[in-house]
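Novice: Before I ask anything, here is the structure I am working with.
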Amino acid sequence: MESNTDSTPAVKQGSGEGACEIAQVVQEVPATDISAKHVFENEVSLGAAERVYPIRSMVFVDPSSTTASSDDPTSPVRGARQYSIIDSRTWDQLQLQRKSDTEVIAAPIEAAQLLSTEAPGSGSETLVQSPATPANASLGSPAETNGTSHLVTTRFKHVETDDGHAVLTGRTVDSFRACEDEPIHIPGAIQTFGAMMALREESEGKLVVRVVSENSESILGYSPHSLFALENFCDILDEDQTETLLDHVDFIRDEAYDPSADGPEVFIMSVSNPAGQAVRLWCAIHVNPANPGLIICEFELEDDRINPISGSSGPSPSVPVDTLGAEFTPEQFAESTINISQPLRLLRNARRRKGEAAAMEVFSIVSQVQEQMNRAETLDLLLNTTVGIVKELTGFHRILIYQFDSQCNGVVVAELVDPRVTVDLYKGLHFPASDIPKQARDLYRINRVRLLYDREQVTARLVCRTTEDLERPLDMTHAYLRAMSPIHLKYLANMEVRASMSISINGPNELWGLISCHSYDTGMRVSFPLRKMCRLIGETLSRNIERVSYASRLQARKLINTVPTDANPSGYIVASSDDLLKLFDADFGALSIRDETKILGGSTHQEMLALLEYLRMRRIKSVLASHNIRKDFTDLKYPPGFKCISGLLYVPLSADGTDFMAFFRRGRLTEIKWGGNPYEQKEKIGRLEPRQSFQIWKETVLDQSREWTDSDVETAAVLCLVYGKFIKVWRQNEEAMQGSQLTKLLLANSAHEVRTPLNAVVNYLEIALEGALDKETRDNLTKSYSASKSLIYVINDLLDLTNTEKGQDLIKDEAFDLEATFKEATGMFESEVERKGINYTVLPHPGIPQTVIGDQRRVRQAMSNLISNAIQHTSGGDITVELWRQPGRSEDGSATIQIAVLDTGSGISQARLETLFQELEQVSAESDNRGLGEYGQDTLRKVVDETEKQVLGLGLATVSRVVRNMQGQLSVRSEEGKGSRFQITLNFPLPADAASAKDESEIPVFNVVPTAPLQSKEEFVLVDTRSEGRSYGGSDTNSESGKATQKPTAQPSLDETSKLNPETDGLPTQALAPVDQPPETKTESTSPFKEPPSESHSSPLPDTFRVLVAEDDPINSKIIQKRLTKIRHTVRLTVNGEECASAYRADPAQFDAVLMDIQMPIVDGIGSTKMIRQFEQETPPESLSRISRLNGRIPIFAVSASLLEKDAEKYISAGFDGWIMKPINFERLNTLLAGLRDDDVRNSTTYQPGKWENGGWFQGR
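Counting in the UniProt record's numbering, the sequence shown tops out at residue 1261, every number present.
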């Protein structure tokens, strides 16, 4: 950043009133580095960057920084623009409505709020309001914050003249310090080239003077005292002039008249002075809505020789004004000095004429002006044509167009200057918002033409008829003669500008900019007709700016509103990602639907992933644009910081904000040229001083992107509606497909179809191993048995990763021995590393809590998969596995455990590592330039192609899912040819009574420290849901984790083969509540549990049972029969649900229990069970077997590989008494059957949350 400290005054546009300082421009803040807590010895030098998954672990929303409104939690923070698009309103209702320009800027004030002071050097007095300073005034806009506190003025005084009339006195800049405090609409004084009068019609045709300026005698010929003495102001008018005045009074009192839209009513009238001479005057009258009882009249002489319109006709200064002291290129000089507009015919005649004839000549030029402006096809051409037209009409030395940005700072976008008068060029310079404070901008939106005739001219005070008139200052919001702010006069004096005029350029809802006119040598103004003409030019320019803007927007719509064709039935969707990026001039973007993301533009920078996660947390429901995300989103906490992305355009695609599209722009190094140092603040004792130097002051901004235009935002609104509708229809179609149960059926059937033959293999191997075998045969069968069991883990992992209803319930909360689990996970690989000749080191460090709460099987699985992955990719060298407790968090009853696996294997290239984490984050880059319109087409081919490119295997996918669901973190650093380091961080709650949960101070100091490499600031964060941000909706665990296509590399040990992993999704971990049974009726298909009748037989219950089996697979049937008959049970086999129910109905006393498969032909297991329960409702209990009567009905056990814990209540309602998973653990089945006669055994095997895979009884007895 460089600045020019020369204090030479420089010219600046004079359109504003006030010259306070700009707020600070946000500057770049260095990002915080991420460093590990441990210092590692024997560190492997891995120079590659480290990645962390999930990215949401690095992002969280800070509620203390959120400045969103309480009624709308999705409101953007300060600076960002938000546009409500979705919600329940239609597109027509979302169109921006023009605000009413008739609003009153400030409410009336009481007399007690007035004070009077003398303006130094002028002898004039002005009246202003001293508004109360807000208790918590907003300092949000960086362009309006000057760092000073709001100071209050002293009170006004009541002053009366010698004639007894109170004089409206005012205050000067000495009375206050903050520009935004000055009520410029009630200055209490006017410029002296005209006179002002306020009349009240007390009866029809009787106009009484209530307020008049003190210079009335020089304009009208009557002093204020003389005018107050009149009973009726019409007494000094001829009869025809009286009629003219009353006609115009009636016009401005009509309901259709709006001074904001139409301006004051202007006409010529004559007043008879005391000498009887007629004085011809221009009169502008209006009624202010703030005080409709007063008619405000402004008078200017038709032929004013004292204050001529064009000032003195003397020669131009011999030396042009040069306040900037800057050198400009010939091209810059030509742009600001050459008029490209066409000359206006008849203009010279119009200037020579006076009065109404001149007005007619001026308005005959309107068609020429409109024709030139309507021909402009670009904004630049339009603005440069306009400055030429205004200069030709008004004759001012400099005409410039000043445009406001989103922060209300201004930039000169067009300029035409007379080089004979000044050589200062301002095109391209920026000016702070405080130069034109908010109340001035609000006033300019209403009063569209303001002028200052001569800043050196003494203002004229207002005189009131009575003290009552003094109590309410005269509101001059719509007046031409309003006196300018004393601050503004001082500001112009520093700029050496003598006269100025500004014309408003209004946008649909805000002030777009100003046409500012400057004169340097003498006083200058334009006549009333030309003022009307200038107002018309401002309105015409406003409409043409909209026209040019809409033309570019319509061009943008062509990319969206394409016609559907047979080849592209979704033709109304943009064809490719490139088109979308070009549409918004974005560097890259992302489409997020159901937490899956498609990258537009090929960039997968972590900053973008962090922003996407933040947007998922916030779930914003409106179109949002920001060109400085660090300033606009103060609640976004991302420790690495944003160094690449600065601009964001957010487009919601669903009503709840879960689906969205986001476009990003890179930050750019921008040099901003200011007209003077915007941070300069000079304050003398007792008064505020505007900036005295306006020389070019340069500032370099590092963290801003190009601003999003209104066209960009409006196009985003259209995109929101079009894409939102498309997504809605697409989702409805998808739900309809899911409604067919096809997807769920295929998923459930996969478990059944795969596990059924596995059940046969495993059980036959068990039978074979029970016999007498030689050593070699037994070894071979044992290996086959172990391999078959490992396939069960593969099936379980695949189901966990692809089940559409997975979530937090996948993780169980149960106490387990963490260190023992670690030893189990590491011990199973000893033989393999010994075979491969790998130096295998396992280091559990001191301080590990013995007992933690979590999912033991999942934790062991994650550890095993990481070690297996390291062994697979290491042919020789070292593998080190370490377990340690991270310091901290003992006070909240939890422990943070870290497990690191370091290998010296093949390593992973950066390209593959990037691909790996894209798959983990479910982010895909669009490579075929297909748009959303083709979403879902050629799906099979695309999946096959992408599967071949996948890096993510089942092992790491499972690890990522475990870590994500346990709110942990997975980080990776790897370098090809050197090795890799995988580290997981998990947070475990500690049991309340755990004696082993030591305080940090009790953890012994150890000399051996973890050997995994140190994290670096570039570490890839892949999974970490430990951040505070998850409470803001960003920790949704229902997203797909990755594509599991690779065979696992680890086999479980043989002693773990009984711990199978069926589906356990969705059921809460609380104890299963008993199901309320319906009352017994003969029409119910589901039978409630009956109270067992009293047993009259004294003989003991049998030790063996008669079991009815329903199983459609003949191999499994034979296995069940063989295993049960071996322990002396009697078995009856059936092949479907219908046959099973028929066999039971034929002789219910012959069966003690039923093993019911779920998926069978003809009638499935649930249907068969309902048939049996219906039969029992119609059969007396005496017809049942003794075991059945003891249990109240025949116990039926559900037997299937696809039983889900979340569906337990459905099984109970169908009539099942218990369940057992396939492949059947016959030791567990024998225990369940023993519960038929033994209540203690039955009660010990009832359902316990988290142990679904064991099988059991649903209820005890």
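Even glycine gets a Cβ: it sits at the ideal position worked out from N, Cα and C.
If you're wondering where the values come from, they're calculated on a predicted model, not measured in any experiment.
Measure the beta-carbon distance from R531 to V449 and round it to whole angstroms, keeping in mind my assumption that it falls under 8 angstroms.
Specialist: That pair is a contact at about 5 angstroms.
Novice: When every heavy atom of the ligand SAM is checked, does at least one fall within less than 7 angstroms of the C-beta of Q439?
Specialist: Annotation note on the ligand SAM: not contained in the displayed structure, which lists no ligands.
Novice: What is the residue span of the beta strand (DSSP E) that E415 lies within?
Specialist: G410 to V417 is the span of the beta strand (DSSP E), which, as asked, contains E415.
Novice: I think A1153 touches V1199, with their Cβ atoms under 8 angstroms apart; what is that distance to the nearest whole Å?
Specialist: A1153 to V1199, Cβ: 11 angstroms. No contact.
Novice: Express the C-alpha separation of A440 and R535 in angstroms, rounding to a whole number.
Specialist: Near 18 angstroms, if we compare the C-alpha coordinates of A440 and R535.
Novice: Within the same chain, show all residues whose beta-carbon is closer than 7 angstroms to that of T1231, passing over the 5 residues directly before and after it, in chain order.
Specialist: Closer than 7 angstroms at the Cβ level, and outside the excluded window around T1231, lie V1241 and T1245.
Novice: Considering Cα atoms alone, identify which of F1175, Y650 and R1189 is closest to P1181.
Specialist: Closest by alpha carbon: R1189.
Novice: Let me confirm a value: T939 is counted as buried when at least 16 other C-beta atoms fall within 10 Å, else exposed. Which label applies?
Specialist: Caution is warranted here: a pLDDT of 38 is assigned to T939, below 50, making its placement in the model unreliable, and the coordinate value is therefore given only provisionally. Burial call: exposed.
Novice: Starting from the N-terminal side, write out each stretch of the beta strand (DSSP E) that is 3 residues or longer and does not extend beyond the region 856-919.
Specialist: Entirely contained in the region 856-919, the beta strand (DSSP E) runs reaching 3 residues are, in chain order, 877-886 and 894-903.
Novice: Residues in the same chain with beta-carbon distance under 7 angstroms from F251, minus the five sequence neighbours each way, listed in chain order, please.
Specialist: So the list reads Y257 and E265, once near-sequence residues are dropped.
Novice: Taking only the alpha-carbon atoms, compute the straight-line gap between L127 and Y426 and give it to the nearest angstrom.
Specialist: Any answer about L127 is weak, because its pLDDT of 34 lies below 50 and its placement is not dependable; what the coordinates show is given next. The alpha-carbon atoms of L127 and Y426 are separated by roughly 34 angstroms.
Novice: In whole angstroms, what separates the C-alpha of M608 from that of F664?
Specialist: Those two C-alpha atoms are separated by around 8 angstroms.
Novice: In chain order, which continuous runs of the alpha helix (DSSP H) of length 4 or greater are located wholly inside the region 474-562?
Specialist: You should have 486-495 and 528-560.
Novice: Can you find the residues in the same chain that come closer than 6 angstroms, C-beta to C-beta, to T826, ignoring five residues on each side of it along the sequence?
Specialist: If we look at T826 and ignore the five residues flanking it on each side, its Cβ neighbours are V842 and V881.
Novice: Smallest Cα separation from S626: which of Y614, A334, G647 and Q342?
Specialist: Measuring from the Cα of S626, the nearest candidate turns out to be G647.
Novice: Using a 10 Å radius around the Cβ and a threshold of 16 neighbouring Cβ atoms, would you call F1258 buried or exposed?
Specialist: Flag for F1258 reads buried.
Novice: Give the straight-line distance between the Cα atoms of D779 and G837, rounded to the nearest whole angstrom.
Specialist: Going by the C-alpha atoms only, they are around 23 angstroms apart.
Novice: Need the endpoints of the alpha helix (DSSP H) that G1167 sits in, please.
Specialist: Looking at the DSSP string, the run of the alpha helix (DSSP H) that includes G1167 is G1165 to Q1177.
Novice: Compare the Cα-Cα distances from H488 to each of D303, F267, P183 and G876 and report the closest residue.
Specialist: Closest by alpha carbon: P183.
Novice: Return helix, strand or coil for C464, following the three-state DSSP convention.
Specialist: C464: strand per DSSP, three-state reduction.
Novice: Just checking my contact of E298 with A284 at CB under 8 angstroms: how many whole Å lie between their CB atoms?
Specialist: Confirmed, Cβ separation roughly 4 angstroms.
Novice: To the nearest angstrom, report how far apart Q704 and F642 are at their CA atoms.
Specialist: Near 11 angstroms, if we compare the C-alpha coordinates of F642 and Q704.
Novice: Quick one: Cα of S577 to Cα of A870, how far?
Specialist: Taking the straight line from one Cα to the other gives about 38 angstroms.
Novice: Under 8 angstroms, do F1226 and R1132 count as touching if we go by C-beta distance?
Specialist: Contact flag unset, no.
Novice: Going by Cα to Cα distance, which pick from L649, P640 and R616 is closest to D632?
Specialist: The shortest C-alpha separation from D632 is found at L649.
Novice: Identify, in the order they occur along the chain, each residue of the same chain with its Cβ nearer than 7 angstroms to the Cβ of P844, setting aside the five sequence neighbours on each side.
Specialist: The answer, listed in chain order, is E819, F822 and L883.
Novice: Taking K598 as the reference, give the member of D247, G968, T540 and F660 with the closest Cα.
Specialist: Closest option to K598, Cα to Cα, is F660.
Novice: How is Q969 classed by DSSP in three states: helix, strand or coil?
Specialist: Q969 falls in the strand class under three-state DSSP.
Novice: DSSP has R630 in a bridge; who is on the other side?
Specialist: DSSP lists no partner for R630.
Novice: Could you tell me the boundaries of the alpha helix (DSSP H) in which E824 lies?
Specialist: Note, E824: alpha helix (DSSP H), L818 to G827.
Novice: Would you mind sorting G977 into buried or exposed? The rule is 16 or more other CB atoms within 10 Å of its CB.
Specialist: So G977 ends up on the exposed side.
Novice: Quick check: the Cα distance between E914 and A716, rounded to an integer number of angstroms?
Specialist: Roughly 30 angstroms between the two C-alpha positions.
Novice: Taking the straight line between their C-alpha atoms, what separation do you get for N409 and Q403?
Specialist: The alpha-carbon atoms of N409 and Q403 are separated by roughly 8 angstroms.
Novice: So, is Y550 buried or exposed, given that buried needs 16 or more other C-beta atoms within 10 angstroms?
Specialist: The residue in question, Y550, is exposed, as its Cβ has fewer than 16 Cβ neighbours within 10 Å.
Novice: Given F328, which residues of its chain have a CB within under 6 angstroms of its CB, disregarding the five upstream and five downstream residues?
Specialist: Once the five neighbours on either side are set aside, the close Cβ partners of F328 are L425.
Novice: How big is the Cα-Cα spacing for G523 and T634?
Specialist: The alpha-carbon atoms of G523 and T634 are separated by roughly 49 angstroms.
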